[in-house]
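**Student:** Below you will find the structure I want to go over with you.
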Amino acid sequence: MELFKFLFGFFLVCNVSGQNYWPQPLPKQQLSPPFKQPQQTKLPDVPSDKCDVEETEKIQCGTPDITPEQCEDINCCSDGYQCYYGKAVTVQCTRDGQFVVVVARDATVPPIDVNSISLLDANDVLCGPVDGTSAFAIFQFPVTSCGTTLKDDEGYVAYENHMVSSYEVGLGPRGSITRDSHFELLFQCRYSGAAVEALIMEVNPVPPPVSVAAAGPLRVELRLGNGQCHSKGCVAEDVAYSSFFTQSEYPVTKFLQEPVYVEVRLLGRSDPNIVLNLDHCWATATPDPESLPQWDLLIDGCPYHDDRYLSTMVPVDGSSGLQYPSHYKRFISRMFAFVAPDTYAPEKETIFIHCATAVCYPNGTNSCQQHCHRQRRAAVKVPSSQKSLVSSGEVILTEHNTLR
């Protein structure tokens, strides 16, 4: 597909997501002497997967005889056989006064519906896409049409236009939602007697919609990790949460001070914005969470400071490989035994771990992050319907027979 025959000057590519965009540096391409290129500001590189386009979705960029070097100079991709548009928003200007704007479906996260993209002045038939697929929308129109504005800018004649995408809204009896990406694109072609510049002036992705929470019972699970190190140099904490004890493997046996790897996870929720928090975790000698004696492990989501062997919080982030890291909390406690209140002699050889949990919904004033470095942190008030209590199976104290 040949869109134009004469490209020269400067070009810029911009990837757009729901939160960020990554422009590519404008290439410095020498025109015909004696013209000198204006200095360009260096911008961050686009993501490395920009050129990972399926073979059946590739659209030709430039002329058929373009070289890989020339292809790169106009911010397109080359596989050694053809020059094609990448997964980005590409703005180009032609010598004969044409805008060429190519928007990829995967330029946003989540992918955008390319059929929803239009110029602000979309009434003229010339202002719609000239071609496209399910993966790309292609616009080509004169710089003097489709609502383009004209202004002088330091020796250049600047033609500026604005592109937007629409998005679908679902209307319900008790609220409305959208699942679509949305962005706005402000771009320019700047002409002088010496050069042509294509500039993306501003990209304004609309902030993602606020999460809508429906009150209801929480499904939360507490489980104990049993991943083992089997190689030299292995770090126990790194593999402990790779597998977990099943119900049939309880009771679990531990010796004094042996690490107990605890994970609490939220089940049945697919909203990536919500955060599972631990309010209070403690241990008892029986399955009843209200029975005595008790020993605190976490208070307000932080290690109980009066415990000599402080519990250790284990961060769960994007590197964990979990689909929704914010739906998980992990910590490490050390095995202990309850003692008699009068003689202080060990008498309770079993423990059960309990955690009171809550789901938090981030907003402009509350990030839902639990910070434990403060001497006193304010607990977030959460409706009772968004709280849940979860317990472990039985953990039995056993003798450690290894001799030192």
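As numbered in mature numbering (1 follows the signal peptide of the UniProt record, and there is no 0), residues -18 to -1, 1 to 386 make up the sequence shown, in order.
Using N, Cα and C, we set each Cβ at its ideal position, and we do this for glycine too.
(1) Beta carbon of V372, beta carbon of L204: below 8 Å?
(2) With a threshold of 6 Å on Cβ separation, who are the neighbours of C65 within its own chain once the five nearest residues in sequence on each side are excluded?
(3) Looking only at C-alpha atoms, which of W264, I256, Y138 and G110 sits nearest to Y306?
(4) Using 8 Å for Cβ pairs, my map puts Y141 next to T130. What's the rounded Cβ distance?
(5) Between which two residues does the alpha helix (DSSP H) containing A218 stretch?
(6) Just reading off the alpha helix (DSSP H) that P269 is part of, what are its end residues?
(7) Is it true that the stretch 80 to 94 meets the stretch 109 to 120, where meeting means three or more beta-carbon pairs spaced less than 8 Å apart?
(8) Which partner residues of G114 appear in the DSSP bridge assignment?
(9) With distances taken Cα to Cα, identify the nearest neighbour of F226 among Q210, L238, Q239 and S301.
(10) Look at the Cβ atom of F320, then the Cβ atom of V296, and state whether they are nearer than 8 Å.
(11) Whole angstroms is fine: what's the gap from G207's alpha carbon to Y243's?
(12) What do you reckon, are the CB atoms on F121 and F81 nearer than 8 Å?
(13) Under the DSSP definition of a beta bridge, which residues are partnered with S315?
(14) Helix, strand or coil for K133, going by three-state DSSP, please let me know.
(15) Can you give me the C-alpha to C-alpha distance between A327 and T380, rounded to a whole angstrom?
(16) Which residues share a DSSP beta bridge with A338?
(17) Using CA atoms only, rank isn't needed, just tell me which of P111, D134, D135 and K369 is closest to P124.
(18) Can you tell me the Cα-Cα spacing of P275 and T266, whole angstroms?
(19) Got a sec, what are the start and stop residues for the alpha helix (DSSP H) D55 sits in?
(20) Residue range of the beta strand (DSSP E) that F169 falls in?
(21) In chain order, what are the residue ranges of uninterrupted alpha helix (DSSP H) at least 4 long that sit wholly in the stretch 31 to 111?
(22) Exposed or buried, what is residue 406 when buried is set at 16 or more other beta-carbons lying within 10 Å of its beta-carbon?
**Tutor:** To lay it out plainly:
(1) yes
(2) The answer, listed in chain order, is C43, G44, I48, C53 and C58.
(3) I256
(4) 5 Å
(5) A218 to V221
(6) Premise fails: P269 is in no alpha helix (DSSP H) and is neither H nor E.
(7) yes
(8) A119
(9) Q210
(10) no
(11) 5 Å
(12) yes
(13) V242
(14) strand
(15) 16 Å
(16) H262 and L371
(17) P111
(18) Computed Cα separation, rounded: 6 Å.
(19) P50 to D55
(20) E166 to Y173
(21) 50 to 55
(22) Summary: the structure shown does not reach residue 406, with the chain confined to residues -18 through 386, and so no result is reported for it.
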